[in-house]
Amino acid sequence: MADRTCPPCLDPETIIPISRNTTAVFKTGSWTAVRPRFVEKTSPCRAACPAGNDIVGAARAATRGDFDAALAVFLEESPLPGVCGRVCYHPCQTACNLIGLDGAVNVRALERAAADHGQAAPRLLSEAGCDKPVAVVGSGPAGLTCAYHLARLGHPVTLMEAAERAGGLMTDGIPGFRLPLAAVEKDLQRIWSLPVNLHTQRFVDEKSLAVLADEHAAVFLSLGADAHLPLNVPGEDLNGVVSGLAFLRSSTLRAKARDAKVVVIGGGNTALDAARTALRCGARRVQVLYRRTQQQMPAFEDEIAEAGAEGVTIEMLVAPVAFVGSAGRLEAVRLIDMRLEAPEADGRLRPVPVNEAPRELTCDLAIIAAGQAPRAEPFLHGLRWEKGRIWVDGWGRTSQPGWFAGGDLTPARASVVDAIAAGKRAAAGIHLSLTGNQTDDALQAVTLGPGPAFSIAAWVECPPGWQPNQVARPDPNTLLFTPPKHPQQLPEEDPAVRVQSSVEVAKGLDPSQASAEADRCLCCGTCVGCDRCLTFCPEGVVCPPDQAGGDYTVRDEYCKGCSICASVCVRGVMEPGGEP
Amino acid sequence: MRYFMTGNHAVATAVRQCRPQVVAAYPITPQTPIYEKLSDWEAEGKLGGKMMRVESEHSAMAACLSASLTGVRTFTATSSQGLALMHEMLHFASGCRTAVVMAAVNRTLAAPWAFWSDQTDTLSQRDTGWMQIYCEDNQESADSIIQAFKVAEEVHLPIMVVLEANFISHFMEPVDIPTQEEVDAFLPAVALPRRFDLDNPGYVSPTVTQRQYEGYRQLSQEAMQHALEVIRRVDHEFGECFGRSYGLVEMTGAPDADLVLVTTATITSTARAALAELEQEGIKVALCKLRIFRPFPVAAVRAALEGFSRVAVVERNISLGREGIFCSEIKAALVNSPSPPKVQGYLAGIGGTNVDPELIKRVVHLALEAGEFGDGPLWMRGEP
């Protein structure tokens, strides 16, 4: 055959209809009413995170076993991953697209793993620098976060703290069995690598505040809310009635719990922390008394469960009407039963007394943890207050120009991550007011999902293509067909053992467990280059990113708009798109 | 070496000797013994290639044509309903210029249901772009298989080797089976283009423009015309190797005969016997056996039939509403002849009825005695 000339009608290159790219001439793109698009978005977990953490980015690094990179990702948005990795109420996990499938990714455990196993330094957001000194008063999570981001943006920060050490409630409010001091200290050390000048044991008064205001371009107030709110019932002054925060802070008061019958009034984390601390101090019996039911308790669910496992009993729908005793010494708390009625203005069911005679519960120690309020310092009188807190706008601005506030001093939710969020927004607000060349629009563009959380890293760097405002929602049917990867069990210290010591209750994931848990993350909103869009496209018109990276693209002239690429995208990055 | 075997067995043996790499087929009477025999050999490790289990003849052809595009030698076999079900994929096989070889065992098409010989099933696939060889006996069926691989792989067109139900498929005859070395010497190793390339993915049978489509059709037509010469040459080479060749058409009998009988397939053998008897009676009738149907050997047919005054086409098929399909084709081949002979079609053996020498003789007498030939076919109803 080789010696015979091949006529054109036998030439394989011309006779066999085969296309090496697409349907070539058949421009079916004109048929479509939609254009699939590659749009990277915000994951629902990130949109739900008040701190705005890039959870997907951290999970991808942790999956590779690169905990340094994972930590660096967390540090882009928040200075306290070691703290949040332990005590955050993880709203991210309530938003995970894996809920209802194999269960939410344990993001909190991942954040803790990044902080525990990784090493990273905060990154300077150099381009935004403007070198205007700012004073921050109070070094709780709000103040620390504000100082951290301002310092990253180039502003030198003077940080004033009344206590002996920085950290606020993180160091003297949350007990070590939930948040060990070493973990807090590790987070703090990274902050001190920035131009943040910490002054401890410095009480601020009207005079010193005026000096601070003079020497700084702006002041951020984050003094917290550690004023005890009394119940205003008879007998509160008896020996044996103490406030929750005072009990947690004072070793003398804690010693009173030994062999005591303890009651704790309140349903928040401070109440449960006090109850659990009392157990660890050798209390004979610890009862938490709460006027609503468990569903209404402000304390985090996992803490309620842990307390229950340790032997704390929670009595619902009761309220103290008096503390009784003899010779100035507490002997019992007088209780009435409550029932719940239609919600009040704040939306919470209203507890009202059941019309029955009070009963008495004997006790040696009553810890009142029914809430705290900001101290009504005279130097704060000039600012506008609202419902017992200092009024601020969305950027932490108070009623006085140049004065900002956040944390428990303001009406934010009383939690570490919400304080972080307030500090971060105020840092942006302060930076905006000091530079004058940024507008709210620029921040709106990096708001994560519906907000208010935003990405400070994206604000400075504006990554192309990413649509922070959009939240990734992959096709639920596609998720149903995604092979499950079962959650890692988070180990916990045995309740019988842990109540005998101050050992940390929740144990972290080891690196291999953390990588396995991170690998469960769907990476909603972030393309991982899985090629599913390309593989499933029946027309073969989805093109991969070029060598330099970038997006998958759709050849519009051929795309019929079937949107299979979008429906098979596990991350919700490919989307059906709108009109062509 | 000569063996006493059925046509199906002879075909299967020839297929095995051609070393196919992929065989995808689906059982259907009367083809099934080919498939079974190949399966037996595969199970015994004697086939060499792979048998693919498929869910239908449509899939069988899809598998074969795809395999052929990967550059391997492929074979399938079917009949009747199976061939009809394959119809869509037959167009793909030829349109993609594959070299699939098929043994097509003629069988009646339903309805009504029957199992007998009738050529309408393969002739219905006339326009699918497949070459077709109609075989007279078991030996020619086996020989044509070996030739078919060589032809198909040279011209990049699929080919059907057509044998009739029962008369060939299940009847036993002595068959000369060459040695494997002889077949290997005749049939070169497969050298088809490999159209699937993992590093350079392609889209087979893409949508094309009107002009591109027209271009592909013209190239296929040119390949068909080219194939006539390849078929002739390969048959000649086969004769040199094995001592048997068949030609595009086979002409026997006196050039001054009063009538030429045109036959295909097994009716030819019967006609040979009948004409020998008529010759004893002094009636001179020539015989033209049409072997290659697609590409149609117009020149060979015309050269064979020109100069005679009368042509009688006897055939076991019908294009309902017209006549026997070979008859129409013979007429069309002769129409531009300076002095074309008159042509009359006779339908014999439709539905597998027996065509015996007496029936052939009746055709001859009718044709010789007719005043004028008619345009429609004459029904020669046979015995069961």
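Keeping their order, the protein sequence lines are chains A and B. Quick note, in my numbering, the first sequence goes up one by one and the last residue is 707. Quick note, in my numbering, the second sequence goes up one by one and the last residue is 1699. We treat Cβ as the ideally placed atom computed from N, Cα and C, and that holds for glycine. Computed from a prediction, not measured in an experiment: that's the story for all the values here.
Which residue comes first and which comes last in the alpha helix (DSSP H) that contains residue i?
i, result
"Asn396/A", "Asn396 to Arg407"
"Arg1313/B", "There is simply no residue 1313/B to check, as chain B begins at 1316 and stops at 1699 in what is shown."
"Ser1654/B", "Premise fails: Ser1654/B is in no alpha helix (DSSP H) and is neither H nor E."
"Leu380/A", "Ser378 to Ala382"
"Thr1379/B", "Correcting the residue type first, residue 1379/B is Cys in the shown sequence and not Thr. Taken as a continuous stretch (DSSP letters only), the alpha helix (DSSP H) holding Cys1379/B covers Glu1372 to Leu1384."
"Thr190/A", "Ile182 to Thr190"
"Val1628/B", "Taken as a continuous stretch (DSSP letters only), Val1628/B belongs to no alpha helix (DSSP H), being part of the beta strand (DSSP E) at Arg1625 to Glu1630."
Quick one, are the C-beta atoms of residue i and residue j less than 7 Å apart?
i, j, result
"Arg187/A", "Gly212/A", "no"
"Pro480/A", "Ile392/A", "no"
"His326/A", "Ala554/A", "no"
"Leu286/A", "Val263/A", "yes"
"Thr1393/B", "Ile1343/B", "yes"
"Lys1657/B", "Arg1637/B", "no"
"Val1466/B", "Val1549/B", "yes"
"Leu350/A", "Gly265/A", "yes"
Below 7 Å on C-beta distance, what does residue i contact in chain B?
i, result
"Cys721/A", "Because chain A is modelled from 128 through 707, residue 721/A falls outside the range shown and cannot be assessed."
"Gly667/A", "Tyr1518"
Where do the ends of the beta strand (DSSP E) carrying residue i lie?
i, result
"Phe450/A", "Val445 to Ser453"
"Glu167/A", "Unbroken run through Glu167/A: none, as it is neither H nor E."
"Asp1704/B", "Here chain B comprises residues numbered 1316 to 1699, so residue 1704/B is not present and cannot be evaluated."
"Val479/A", "Leu476 to Pro480"
"Trp518/A", "Careful: Trp518/A lies outside any beta strand (DSSP E) and carries neither H nor E."
"Val439/A", "Here Val439/A belongs to no beta strand (DSSP E), and DSSP marks it neither H nor E."
"Ala262/A", "Val261 to Val264"
"Ser370/A", "Val368 to Ser370"
"Arg456/A", "Arg456 to Pro470"
"Leu1602/B", "Val1600 to Leu1605"
"Ile392/A", "Lys388 to Ile392"
Skipping 5 residues on each side, what residues in its chain have a beta carbon closer than 7 Å to that of residue i?
i, result
"Gly192/A", "Pro638 and Ser642"
"Gln640/A", "Gln615"
"Trp512/A", "Trp518"
"Arg1547/B", "Leu1563"
"Ala401/A", "Gly371, Phe374, Leu375, Val391, Ile494 and Ala496"
"Ser694/A", "Asp602 and Thr605"
"Leu1384/B", "Cys1411, Thr1413, Arg1510, Phe1511 and Val1519"
"Lys388/A", "Arg411, Arg412, Thr489, Cys490 and Asp491"
"Gln1595/B", "none"
"Phe1464/B", "Cys1333, Arg1388, Val1416 and Leu1502"
"Asp130/A", "With a pLDDT of 47 at Asp130/A, under the threshold of 50, the predicted position of this residue should be treated as unreliable, though the coordinate-derived value follows. Cβ within range, chain order: n/a, list empty."
For residue i, which residues from the same chain have a beta carbon less than 8 Å from its beta carbon, with the 5 sequence-adjacent residues on both sides left out?
i, result
"Arg552/A", "Gly521, Trp522, Gly523, Gly533, Pro579 and Phe581"
"Ile431/A", "Leu399, Gln421, Met424 and Ile441"
"Thr397/A", "Gly300, Gly371, Leu372, Leu375, Ala496 and Gln499"
"Val1678/B", "Leu1576, Ala1627, Val1629, Tyr1661, Ala1663 and Met1695"
"Arg475/A", "Arg419 and Gln423"
"Leu607/A", "Leu228"
Residues of chain A with a CB under 8 Å from the CB of residue i: which are they?
i, result
"Cys1556/B", "Going along chain A, no residue has its Cβ under 8 Å from Cys1556/B, so there is no contact; the nearest lies around 16 Å."
"His1471/B", "Leu137, Pro139, Ile142 and Ile143"
"Tyr1531/B", "Ile142 and Pro144"
List the residues of chain A that residue i touches, going by C-beta distances under 9 Å, in chain order.
i, result
"His1485/B", "Chain A residues near His1485/B: none, gap ~37 Å exceeds 9 Å."
"Pro1508/B", "Pro139, Glu140 and Ile143"
"Val1519/B", "Ile143, Pro144, Ile145 and Ser146"
"Asn1515/B", "Arg147"
Go through its chain and collect everything with a Cβ distance to residue i's Cβ below 6 Å, but skip five positions before and after it.
i, result
"Ala484/A", "none"
"Met128/A", "Confidence is the limiting factor: at Met128/A the pLDDT is only 43, short of 50, which leaves the residue's position unreliable and the question unanswerable from this model."
"Ala1589/B", "Pro1672, Ile1675 and Lys1676"
Return yes when the C-beta of residue i is under 6 Å from any heavy atom of the ligand MG, and no when it is not.
i, result
"Arg317/A", "You won't find the ligand MG in this model; it holds no ligand whatsoever."
Please list the partners that residue i has in chain A, where partner means a Cβ-to-Cβ separation under 7 Å.
i, result
"Cys1411/B", "Ile143 and Pro144"
"Tyr1350/B", "None at all; the shortest Cβ gap to chain A is about 28 Å."
Please list the partners that residue i has in chain B, where partner means a Cβ-to-Cβ separation under 8 Å.
i, result
"Gly294/A", "Simply none; closest approach about 59 Å."
Within 7 Å (strictly less), CB to CB, does residue i reach chain E?
i, result
"Gly1558/B", "This model lacks chain E altogether; the protein chains it does include are A and B."
> Using 8 Å as the threshold, is the segment 279-296 of chain A in touch with the segment 171-180 of chain A, meaning 3 or more CB pairs across them?
Replying inline: With the cut-off at 8 Å, the segment 279-296 of chain A and the segment 171-180 of chain A do not touch.
>> Counting beta carbon pairs with one atom in the segment 1497-1517 of chain B and one in the segment 1565-1582 of chain B, are three or more of them shorter than 8 Å?
In response: Contact fails: fewer than three Cβ-Cβ distances are below 8 Å.
> For the segment 1536-1547 of chain B against the segment 1602-1611 of chain B, are there 3 or more C-beta pairs whose distance is under 8 Å?
Replying inline: Contact annotation: the segment 1536-1547 of chain B touches the segment 1602-1611 of chain B, with at least three C-beta pairs closer than 8 Å.
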